[in-house]
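Peer 1: Just so you know, the sequences run in chain order A and B.
The first sequence begins at 1 in full-length UniProt numbering and counts up one residue at a time.
The second sequence begins at 1 in full-length UniProt numbering and counts up one residue at a time.
Handing you a structure now.
Protein chains: 2
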Amino acid sequence: MTESLDRTRLAAWRAYIEASQRLFTQLEDDLRADSELSFADYHVLVLLSEAPGQRLRMGDLASRLVFSPSRLTYQISSMQKRGLVARQPCPDDRRGSEAVLTAAGLLTLREAAPHHLKSVRTHLMDDLDDAEVACLTRVFERLGRRLRAGRDASTAPGDSDS
Amino acid sequence: MTESLDRTRLAAWRAYIEASQRLFTQLEDDLRADSELSFADYHVLVLLSEAPGQRLRMGDLASRLVFSPSRLTYQISSMQKRGLVARQPCPDDRRGSEAVLTAAGLLTLREAAPHHLKSVRTHLMDDLDDAEVACLTRVFERLGRRLRAGRDASTAPGDSDS
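Now the structure itself:
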């Protein structure tokens with residue numbers, strides 16, 4: 001069952017997928033314990049906090065998170081109920097809508113971030129030397145660019161903006 | 001909000017988490033399109049196919065997948081309905097149970113694996129040089145070992161075997 005990946009690359013793939021899934025589970029456990037946020041909640045808060053006016057169109061947010069429209073709707077509704085975000089019609093497009101960070105959402109993020117980053121440091125970053133950090137940055141920036149380009153090419157303009 | 005992670009390491013962390021989530025979504029989309037399997041289905045099939053007698057205790061499987069007991073029960077029930085696995089009492093422990101790979105499960109895995117590994121190669125591995133492959137293997141094998149040791153230390157013996 002390994003005919004299409006040589007032994008060295010198969011070992012790399014397995015180490016990466018297994019450790020990453022374990023790491024993401026650990027970081028999410030820490031995040032829930034410290035801040036009652038899921039990984040997805042946290043990621044939405046970060047993206048909105050960095051967007052101009054602390055707001056993003058639902059389609060842009062879905063594409064940044066790699067979420068389907070229905071998964072994003074569910075995610076944002078859940079965060080709305082907790083007061084972390086609001087949802088508003090787009091000023092320049094009556095059919096579209098935007099997710100907007102609330103003050104409570106911003107304060108929750110500011111409270112959660114130091115704990116979360118400490119957890120990233122403890123579980124991953126403190127163990128890496130500078131060459132390893134540079135290698136991860138290079139490999140994953142390139143991968144992210146390639147995957148974004150592939151997805152953009154397969155999505156018709158406007159498709160992602162529901 | 002970056003006080004606990006320097007700029008270089010924060011950039012590495014972000015590149016890694018964003019590209020990885022995008023990659024896992026892409027690989028799961030491919031897997032569903034080619035083989036009607038989720039990532040978790042595929043991973044269960046691989047673990048069972050490599051276990052002695054093609055069977056694993058539910059607790060061991062949960063710990064390998066980093067799933068909670070309830071999530072694993074749900075996962076295995078869904079695979080049972082599709083005929084991919086069976087569930088049986090442990091021969092040496094009346095309270096425990098095992099997941100067992102069926103012939104249909106093995107054939108499904110054999111059919112799915114070349115497509116899935118091709119997709120891993122196309123989206124990730126073909127783009128890496130040998131030094132990058134070695135770096136990923138080293139970083140993620142070390143991380144996996146460390147996270148497994150941490151989790152084992154926080155789980156009382158027998159706890160994970162429901």
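Cβ coordinates follow ideal geometry from the N, Cα and C atoms, glycine included.
Keep in mind it's a predicted model, so treat the numbers as computed, not measured.
Taking only beta-carbon positions, decide if B/P69 is within less than 9 angstroms of chain A.
Peer 2: no
Peer 1: Would you tell me roughly how many angstroms separate the C-alpha atoms of A/L31 and A/R110, rounded to the nearest one?
Peer 2: Computed Cα separation, rounded: 13 angstroms.
Peer 1: Can you give me, in chain order, the residues of the stretch 48-64 of chain B that have a beta carbon less than 9 angstroms from any beta carbon in chain A?
Peer 2: S49 and R64
Peer 1: Taking buried to mean at least 16 other C-beta atoms within 10 Å of its own C-beta, is B/Y74 buried or exposed?
Peer 2: Classification of B/Y74: exposed, given that the 10 Å Cβ count is below 16.
Peer 1: B/R71: buried (16+ other C-beta within 10 angstroms of its C-beta) or exposed?
Peer 2: exposed
Peer 1: Which residues does DSSP pair with B/V85 in a beta bridge?
Peer 2: DSSP, once it has assigned bridges, lists B/L101 as partnering B/V85.
Peer 1: Name, going along the chain, the residues of the stretch 11-42 of chain A whose beta-carbon falls closer than 7 angstroms to a beta-carbon of chain B.
Peer 2: A11, A12, W13, A15, Y16, E18, A19, S20, Q21, R22, L23, T25 and Q26
Peer 1: Checking the sheet assignment: what are the DSSP bridge partners for B/R95?
Peer 2: In DSSP, B/R95 forms no bridge with anything.
Peer 1: For a contact meaning CB atoms closer than 7 angstroms, what does B/V66 contact in chain A?
Peer 2: Q21, R22 and T25
Peer 1: Considering A/L56, what are the terminal residues of the alpha helix (DSSP H) in which it resides?
Peer 2: Where A/L56 is concerned, there is no enclosing alpha helix (DSSP H), although the beta strand (DSSP E) it sits in stretches over R55 to R57.
Peer 1: CB-CB under 6 angstroms to A/H116, same chain, minus the five flanking residues each way: which ones, in chain order?
Peer 2: L31
Peer 1: Please name the residue or residues paired with B/C90 in a DSSP beta bridge.
Peer 2: B/D93
Peer 1: When burial is assigned at 16 or more other CB atoms within 10 Å of the CB, is A/A156 buried or exposed?
Peer 2: For A/A156, the predicted model reports a pLDDT of 48, less than 50, meaning its position is unreliable; a value from the coordinates is still stated below. So A/A156 counts as exposed.
Peer 1: Once you ignore the five residues that flank B/I17 on each side, which residues in its own chain have a CB closer than 6 angstroms to its CB?
Peer 2: none
Peer 1: Quick one: what's got a C-beta closer than 8 angstroms to B/T102's C-beta in the same chain, skipping five residues either side?
Peer 2: G83, L84, V85 and A86
Peer 1: Can you list the residues of chain A that B/T8 reaches, using a CB-CB cut of under 9 angstroms?
Peer 2: D130, V133, A134 and T137
Peer 1: Please list the partners that B/E141 has in chain A, where partner means a Cβ-to-Cβ separation under 7 angstroms.
Peer 2: A15
Peer 1: Look at A/P69 and A/M58 and say whether their C-beta atoms are less than 9 angstroms apart.
Peer 2: yes
Peer 1: Of all the options A/D34, A/F39, A/D130 and A/L61, which has the alpha carbon lying nearest to the alpha carbon of B/A12?
Peer 2: A/D130
Peer 1: Count the other CB atoms, across all protein chains shown, that sit within 10 Å of the CB of A/R94; report buried if there are 16 or more and exposed otherwise.
Peer 2: exposed
Peer 1: Terminal residues of the continuous alpha helix (DSSP H) containing B/D41?
Peer 2: F39 to E50
Peer 1: Please state the DSSP three-state secondary structure of B/D6.
Peer 2: coil
Peer 1: With distances taken Cα to Cα, identify the nearest neighbour of A/A104 among A/R7, A/K81 and A/L27.
Peer 2: Answer by Cα proximity: A/K81.
Peer 1: Buried or exposed, going by whether 16 or more other CB atoms sit within 10 Å of the CB of B/S77?
Peer 2: exposed
Peer 1: Assuming the contact rule is C-beta atoms closer than 8 angstroms, A/A99 and A/L45 should be a hit. Round their C-beta distance to whole Å, please.
Peer 2: A/A99 to A/L45, Cβ: 10 angstroms. No contact.
Peer 1: For B/T137 and B/D92, I'd like the C-alpha separation in whole angstroms.
Peer 2: 37 angstroms
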